Amino acid sequence: MNAGTGSVAPPGRSLWSDAWVVLRRNRAAMTALCLLGGMTVLVLVGPLLSPFTYDGTDWDQISSPPSLANGHWFGTDGLGRDLFVRTLYGGRISLLVGAVATAVSLLIGISYGAVAGYVGGRTDQVMMRIVDILYALPFMFLVILLMVLFGRHIVLIFFAIGAINWLDMARIVRGQALSLRGKEYVDAARAAGVRGGRIIRRHIVPNLLGVVIVYATLTVPQVILVESFLSFLGLGVQEPMTSWGALVNEGAQELENAPWMLLFPAVSLALTLFCFNFVGDGLRDALDPRDRSA
Amino acid sequence: MTRILLILLPAVALWLAACGPAEDASPPAKIGGGSGTERAAVQVLRVGNGAEPQTLDPHRAEGVPESNILRDLFEGLVGEAPDGSLVPGAAESWAISDDGLVYTFTIRADARWSNGEPVTARDFEFGLRRAVDPATLSVYSSVLFPIVNAEAIVDGELSPDQLGVRAVDDRTLEIRLNDPTPYLLGLLTHSTTYPVYPPNLDEHGERFARPGKLVSNGAYQLSDWVVQSHVRLERNPHYWDGADTQIDEVWYYAIENPDAELKRYRADELDITDGLPYNQLTWVRNELGDELEVAPWFGSYYFGFNLTKPPFKDAKDLRTALAMAIDRDILTGRVTGAGEIAAYGWVPPAAGYTGQQRGWATWAQAERNAEAQRLYAQAGYSSDNPLRVEVLYNTNENHKRISVAIASMWKEVLGVETSLVNQEWKVFLDTKNRKEDTQVFRAGWIGDYDDAYSFAQLMHSKNAQNDSGYVSPVYDDLLDRAAREPDAAKRIALLEEAERVLLEDLPIIPIYFYVSKHLVKPWVGGWTPNVMDRHPKKDFYILSH
Amino acid sequence: MLRFAIQRLLGAIPTLLVLITLAFFLIRLAPGGPFDTEKTLPPEIEANLRAAYNLDESLPVQLGRYLWNLAQGDFGPSFQYRDFTVTELIATGFPVSLRLGSLAMALALVLGISAGTLAALRQNRPVDYTVMGAAMTGISIPNFVLAPLLVLVFAIWLRWLPAGGLGDGSLRFVVLPVIALALPQVAYIARLTRGSMIEVLRSPFTRTARAQGLPTRTVILRHALKPALLPVVSYLGPALAAIITGSVVVEQIFGVPGLGRFFVQGALNRDYTLVMGVVVFYGSLIIALNFLVDLVYGWLDPRLRHG
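These protein sequences, in sequence, are chains A, B and C.
Numbered per our numbering, the first sequence spans residues 1 to 294.
Numbered per our numbering, the second sequence spans residues 295 to 839.
Numbered per our numbering, the third sequence spans residues 840 to 1146.
As structure tokens, this is what we get:
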């Protein structure tokens, strides 16, 4: 249950199995993890359970409340489209955006941070100075400009969001890399004539994974929120495809006359964000060496 | 720590309570008092006005939000009654020459600027010359092209003082036209024709349209302007018809989001809304039905084809098939649902004009579908070889709903594979004007003046806004003849003939004719629906409530 | 100290230059121009418009002109709101945004720090879960859902507060926007406070203080809170950025005439100068506030001051 105090790991266990033990005792995080797994499976196979498609309109079932009789379990929207299927499709897009954009930001952040931290010296100074500069940019504004600029292709959404999230990662990784650089095994590798790139890949990056995983888990919900924010501004995915952000935005406008349009997507979205945050916190407790040493 | 929280919570509660209702909730008084017509002591009208006005310089204004405000600030030669009919404005009367080419206006003796100075024919002459002067950067100056030399001045070939407008004396203004233009009087209600106070410009330069600077000749003067919040107008104390003007203050709120506007209306912060969110129409009808004001509006909602590229270039059958496969009764009945009129022709119902339509307009949808399938097959498409088409629309809830619905109808009836492309307004305009990637685009047109020509001219091959790229010598010829025709009946017949030609070629898919939609509080008196959806505020009043 | 400040200020100049250049080219690359409308303009008018706003010059010349004017404090004329200069618009919009933003930040800090401290003191007990769960709800609900809900409940059903606008500028008009802006930040701040507070409470010096029999309240207020707030202080920069971003949504929904709304409208209307103005202004603000945060951090953490 408790992240820090009780667990004294038996000697010889690796960091990972150790962390796993801690994580497994965190009931909230484990529940959240299971829910996330369930959610992922549901958005992938769920649409197969329904006879409806995400873009099929039914003019006789416009704004139908949830009903078992007509098969629209989550009701329909103002064009008679089935919300169960649309919520699941929206989930696919939101989760995909979350995953891919996070991956993009990790890729950039880790490479950048690891290089800066490992190489050090002037290179490090210059690279971190650039990060400082970028920090001062009102990034959300740049994303809006980018979306306006390139239209709203989904791939672009991934990259635009990913590209604004890598700065924190770069800083964290650089700090870790800086400290790892002085470690004996890295010195040994260097003395043995292993080249820089290889050292970064083989020794620096793997040792950063703990921090990275925690950070990634906390980035995913942020990214999903950014996507929903773009949807609010009308800059999200193209109709008839949808995302949770887009659905929630539509639902929020029909709060009173069709509450089901908000309820189901909003609960899915909130639950997912909730779970990611809990898993992230749990992972942090499990993987953060400071906390365990207490 | 718990204690800190315990202190904090009541503090927050107190804060909330302190900000609570300004006055005690009292039982609602009967609107209009015992007689039902009693006026409120405070005559302030609060109006939702859509987007933020770009400018209150009448000659540079272009959008609907600014023209709503300018209509109250300024008065043209001709004014509008609440029902939209034309009445004398700053001119008390006018005479038209027999050939219809010279209009002579007599300015009211008691017309006054808001600083008390008389409004003269020279102010109008100054204003019209300024409007066509290319240095003014007026984007609407093309509406003045019927006036002699206007076009050449806008193009920089002549100087503004060569415009066919002359102040004969302080109270007489003469306007000379190229062709008889029966809609000229309607045109003279447009903000581009408003006078400006010449010393205003000398003193303040280009940014004279600001509170404390602007001198205006309408029922109101500008007293406050907070960008993205509101524009506040106060009575013009010198206005000639001030005795009949009841509203003392008009607040125009800039609220571009219709959902936010509706909420503020429901919270009693607005008396009149600019529009309505389509997706809450059913709710509004059920809950606020008595306050809903829907009226036909002089506008046409349509989809345009790009005729310069395949698949729609030289493909009349295909275009007709797509037009027929749309069930307009479902669109207007269930998708928009505000009372829009299903359109089978281009020109909305207009005074003295008979709208044209194709024969299939009266068929049942099943018959149309069958014929559409036949034409689609004849054009060489089938389920194995479906038409793949891109529909372009600009970001807007209603356009989205219509486009999704039409795509779904095309798919169901013909098997067309439609992809929807939603672009933000400026990108949309850019894509549409380049005519390269566009195949089908959504469009709408609201007439600038109450005359069928306002619509007909849009499809002329020389019109820069002819986005379909429609070129028909027959159509152009009919229009040119109509423009020169002095006889009203013959002119109308020519325009009707032109519309028949247009519908035969079908460069566009007519979808519906617009309606204007507003919510008006029960204590607002003087609301009169009209086809141009123009509502001068001097004709309103507030009942006691 | 003074040298440090001057160094930081000089360091901000290249940052701003990069920012300006980036924004300058991005907005100009976007399809559609500031004067595109449904009406097609006569060519002469269009040429005059472009000349009047210097859009007929080459891009480097335009950029140079912009920088030169900016150095003199002139943000240029707004392309969209033709009766105003960008400087005037920023001068009207910023105080509004500042008021919302600072109130929201204050509310978020008070709620977040209280919630985090409370959770830390009752770590892994029901109070902890409840408080953190409630805080987490704040991040899980996008504010474009929260804001209309607040309006519906407090403005339309209960009629306690206005639904939007600035009104007479009194406090009741900002309550709902401030709450909508603050709630998402509460969870982040609570989480940071909880984490660091737990750590501080375990550290030898608080243990000693407790062992000496000092009441918990004194230990927390006098000893633990200050070091525990370090991560919160370093989060202030990002929090500020998030509140500025959030204001784009909140100002839209509540019809508040702040800079966030100017930016979105400016970007959509291709009001080049307005967009640039807001970006430059906020960029400078973020730089300035980061500098302030560093100062506060130095004050809270003596190790940095002497190190």
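Just so you know, even glycine gets a beta-carbon here, dropped at the ideal spot from N, CA and C.
Computed from a predicted structure; not experimentally measured.
The beta carbon of residue 791/B is closer than 7 Å to those of 772 in its chain, skipping five residues each way along the sequence. Across the set 1119/C, 951/C, 1018/C, the C-alpha of 1018/C shows the shortest separation from the C-alpha of residue 981/C.
Put simply, the backbone Cα of residue 88/A is about 24 Å away from that of residue 703/B.
Per the coordinates, the alpha-carbon of residue 134/A lies some 11 Å from the alpha-carbon of residue 142/A. Taking 8 Å as the upper bound for CB-CB distance, residue 147/A and residue 230/A are in contact here, some 6 Å apart.
By the neighbour-count criterion, in which 16 or more other beta carbons inside 10 Å mark a residue as buried, residue 493/B falls on the exposed side. Pairing residue 424/B with residue 430/B gives a Cβ-Cβ distance under 7 Å. Residue 342/B and residue 568/B have their alpha carbons spaced roughly 5 Å apart. Annotated three-state conformation of residue 620/B is coil, per DSSP.
Residue 545/B has 340/B, 526/B as its beta-bridge partners, per DSSP.
Collapsing the DSSP output to three states places residue 82/A in a strand. The alpha-carbon of residue 1002/C is positioned some 53 Å away from that of residue 179/A.
Residue 381/B and residue 60/A have their alpha carbons spaced roughly 48 Å apart. Within 8 Å of the CB of residue 354/B, the CB atoms of chain C belong to 921, in sequence order along the chain. Going by beta carbons, residue 922/C and residue 349/B fall inside the 7 Å limit. For residue 811/B, the closest Cβ of chain A is not nearer than 7 Å. One finds 573, 574, 577 in chain B with Cβ atoms closer than 8 Å to the Cβ of residue 254/A, taken in chain order. Using beta-carbon distances, residue 664/B does not count as an interface residue toward chain C, since no partner is under 7 Å. For the pair residue 210/A and residue 187/A, the Cα-to-Cα distance works out to about 22 Å. Chain order gives the chain C residues near residue 435/B as 881, 884, where near means a beta carbon separation below 8 Å.
Per the C-alpha coordinates, the member of 932/C, 1114/C, 915/C positioned closest to residue 924/C is 915/C. Look at residue 811/B here: in three-state DSSP terms it is strand.
The beta-bridge partner set that DSSP reports for residue 461/B consists of 467/B. Listed in chain order, the positions of the region 678 to 689 of chain B with a beta carbon within less than 8 Å of a beta carbon of chain A are 689.
Only those residues of the region 32 to 60 of chain A whose C-beta falls short of 8 Å from the nearest C-beta of chain B are listed: 55, 56, 57, 59.
Residue 214/A and residue 172/A have their C-alpha atoms spaced approximately 11 Å apart. Put simply, the CB of residue 623/B is far from chain A, with every gap to its CB atoms at 7 Å or more. DSSP places residue 965/C in the uninterrupted alpha helix (DSSP H) bounded by 965 to 979.
Taking every protein chain shown into account, the CB of residue 679/B has fewer than 16 other CB atoms within 10 angstroms, so this residue is exposed.
From the beta-carbon of residue 995/C, the residues of chain B found nearer than 7 Å are 557, 560, 561. Listed along the chain, the chain B residues whose CB falls inside 7 Å of the CB of residue 1001/C are 561, 563.
When rounded, the separation of the alpha-carbon atoms in residue 827/B and residue 368/B is 18 Å. Collapsing the DSSP output to three states places residue 845/C in a helix.
Residue 718/B belongs to the set of residues whose beta carbon lies under 7 Å from a beta carbon in chain C. Taking 7 Å as the CB threshold, residue 854/C lines the interface with chain A.
DSSP, reduced to helix, strand and coil, places residue 59/A outside both helices and strands of the structure shown, so it counts as coil.
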